[in-house]
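Here this note's numbering is used: position 171 in the sequence shown is 174, and no number is missing along the way. Note that CB positions come from ideal geometry on N, CA and C, so glycine has one too. For reference, the structure discussed in these notes is given below.
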Amino acid sequence: MKRSKKLLLFVYASVALFVVAAFVDRRIADYVEGVSIALRDWSKNSPTAMHAYLACFLLSIVGNTTIFIPFPYAAIVFIMTSQVGLDPLLLGIVSGFGAAAGELASYALGFGGGKYLEKRGYAEKFGSLHAFLLEHRRLLPLAIYVFAATPLPDDALMIPLGMLRYGLVASIVPCFLGKTTMLLFIGYFGSFVSGIGVDLDPVAGILFDAATVCFVASMVYLVAECDWAKLLKPVGKAR
Numbered sequence: 004m005k006r007s008k009k010l011l012l013f014v015y016a017s018v019a020l021f022v023v024a025a026f027v028d029r030r031i032a033d034y035v036e037g038v039s040i041a042l043r044d045w046s047k048n049s050p051t052a053m054h055a056y057l058a059c060f061l062l063s064i065v066g067n068t069t070i071f072i073p074f075p076y077a078a079i080v081f082i083m084t085s086q087v088g089l090d091p092l093l094l095g096i097v098s099g100f101g102a103a104a105g106e107l108a109s110y111a112l113g114f115g116g117g118k119y120l121e122k123r124g125y126a127e128k129f130g131s132l133h134a135f136l137l138e139h140r141r142l143l144p145l146a147i148y149v150f151a152a153t154p155l156p157d158d159a160l161m162i163p164l165g166m167l168r169y170g171l172v173a174s175i176v177p178c179f180l181g182k183t184t185m186l187l188f189i190g191y192f193g194s195f196v197s198g199i200g201v202d203l204d205p206v207a208g209i210l211f212d213a214a215t216v217c218f219v220a221s222m223v224y225l226v227a228e229c230d231w232a233k234l235l236k237p238v239g240k241a242r
């Protein structure tokens with residue numbers, strides 16, 4: 004069994020045990036509700052709440068600097084709006100800037116590390132897709148936006164853009180717009196989920212939060228385990 008699947012099962016088991024404990028001892032549910040209320044008050048009234056936005060900005064940079072290694076920065080945005088109560092508009096824009104800044108690492112790797120990538124089999128893995136994009140250069144801004152706004156692997160696009168010396172600004176601007184679009188959607192969805200959970204009693208709130216955690220963990224697992232290169236291969240063959 005893969006380590007990622009073991010981790011997912013561990014999350015499920017931990018959540019299940021926590022829910023059982025909350026039903027056995029009502030004080031656990033009351034305590035969690037108290038922590039949730041305190042976090043929301045802090046995010047709305049404390050000047051130090053800006054530190055949370057800065058943390059999300061930095062984590063978004065890290066999440067997009069890790070080339071070919073998925074990092075759940077989008078899940079963090081969801082948690083920060085659904086559980087902590089951060090402003091989804093501000094958080095989405097700030098995290099979008101961080102995500103776009105992180106993608107500079109992929110672009111820079113392509114710009115200066117072409118031979119290294121060829122030795123690692125990168126050109127062969129995504130070669131058909133790259134050739135397709137080269138033949139449709141007018142679609143590149145849209146392609147960059149779509150890759151950034153969806154779970155598609157940005158590295159598969161940003162690295163060859165660097166190798167081809169495609170304009171840095173022309174690459175980063177649609178990337179920023181796409182990342183911000185995705186993170187705004189996730190942030191507002193988190194706020195919507197938060198609005199539902201606020202009206203529930205502590206025990207029902209525990210169940211709702213448990214379902215939310217399992218949903219987020221499942222989405223992170225599916226995105227991380229998906230073979231994007233295999234899914235994108237038909238696109239390259241269509242040229």
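According to DSSP, is Y169 part of a helix, a strand, or is it coil? Collapsing the DSSP output to three states places Y169 in coil.
Report the residue from F195, Y191 and A214 whose alpha carbon sits nearest the alpha carbon of L92. Of the candidates F195, Y191 and A214, the one whose C-alpha sits nearest the C-alpha of L92 is Y191.
Beta strand (DSSP E) runs wholly inside the segment 27-88, at least 3 long, in chain order: Complete beta strand (DSSP E) runs here, min 3: none at all.
Between the CA atoms of S221 and K9 - distance to the nearest angstrom: Rounded to the nearest whole angstrom, the C-alpha separation of K9 and S221 is 12 Å.
Just reading off the alpha helix (DSSP H) that L92 is part of, what are its end residues? Where L92 is concerned, the enclosing alpha helix (DSSP H) stretches over P91 to G115.
Three-state secondary structure (DSSP) of L180: In this structure, DSSP gives L180 a helical state, which the three-state scheme calls helix.
Using 10 angstroms around the beta-carbon of R242, count the other beta-carbons present and answer buried if the total reaches 16, otherwise exposed. For R242, the pLDDT reaches just 49, beneath the cut-off of 50, and the residue's location in the model is therefore unreliable, although a value from the coordinates is still provided. Sixteen is the threshold: since fewer than 16 other Cβ atoms of the shown chains lie within 10 Å of the Cβ of R242, the residue is exposed.
I need the straight-line Cα distance from T184 to A103, nearest angstrom please. Distance from the CA of T184 to the CA of A103, rounded to the nearest whole angstrom, comes to 12 Å.
Please check the pair G101 and S39, which I expect to be a contact at CB under 8 Å, by giving their CB distance rounded to whole angstroms. About 25 Å separates the two Cβ atoms, so there is no contact after all.
Sorted by chain position, which residues of the same chain lie with C-beta nearer than 8 Å to L1's C-beta, five sequence neighbours on each side aside? Residue 1 cannot be examined here, being either before or after the span of the chain that is shown, 4 to 242.
Here's the rule: buried if 16 or more other CB atoms are within 10 angstroms of the residue's CB, otherwise exposed. What is V172? With fewer than 16 Cβ atoms within 10 Å of its Cβ, V172 is classed as exposed.
To the nearest angstrom, report how far apart G115 and A134 are at their CA atoms. Going from the Cα of G115 to the Cα of A134 covers about 20 Å.
DSSP-derived helix/strand/coil call for P247: Residue coverage of the chain in this structure runs from 4 to 242, which leaves residue 247 outside it and unanswerable.
Measure the alpha-carbon distance for D44 versus T51 and round it to whole angstroms. Each residue's Cα considered, the two are about 12 Å apart.
What does a CB cutoff of less than 7 Å around T68 pick up in its chain, not counting 5 residues either side in sequence? For T68, the CB contacts under 7 Å within the same chain, skipping 5 residues up- and downstream, are G105 and A108 in chain order.
Let me know the secondary structure DSSP gives K8 once reduced to three states. Under the three-state reduction of DSSP output, K8 falls in the helix class.
Once you ignore the five residues that flank S85 on each side, which residues in its own chain have a CB closer than 6 Å to its CB? Short of 6 Å from the beta carbon of S85, and not among the five residues preceding or following it, lie these beta carbons of its own chain, in chain order: G193, V196 and S197.
For a quick check, are the C-beta atoms of G113 and M53 less than 7 Å apart? In this structure, the beta-carbon distance from G113 to M53 does not fall below 7 Å.
7 Å Cβ cutoff met for L32 and I175: For the record, residue 32 in the displayed sequence is Ala; it is not Leu. Their beta carbons are not under 7 Å apart, which means A32 does not touch I175 by this criterion.
I'd like the list of long-range same chain contacts for I189, defined as Cβ closer than 7 Å, with 5 residues on each side in sequence excluded. Counting only Cβ-Cβ distances below 7 Å, and skipping sequence neighbours, we find A77, V80 and F81.
For A213, which residues of its own chain have a beta-carbon under 6 Å away from its beta-carbon, when the five flanking residues on both sides are left out? Only V18 and V22 meet the Cβ criterion.
In whole angstroms, give me the CA-to-CA distance for A159 and F179. CA-CA distance, A159 to F179, rounds to 16 Å.
Residue of R6, V14, S7 and K5 minimising C-alpha distance to P215: In the sequence as presented, Pro is not what sits at residue 215; that position holds Thr. The shortest Cα separation from T215 among R6, V14, S7 and K5 belongs to V14.
Can you find the residues in the same chain that come closer than 6 Å, C-beta to C-beta, to M161, ignoring five residues on each side of it along the sequence? Contacts found: E106, S109 and Y110.
Which residues in the same chain have their Cβ closer than 6 Å to the Cβ of A24, if we skip the five residues on either side of it in sequence? In its chain, beyond the 5 residues on either side, I31 have a beta carbon closer than 6 Å to the beta carbon of A24.
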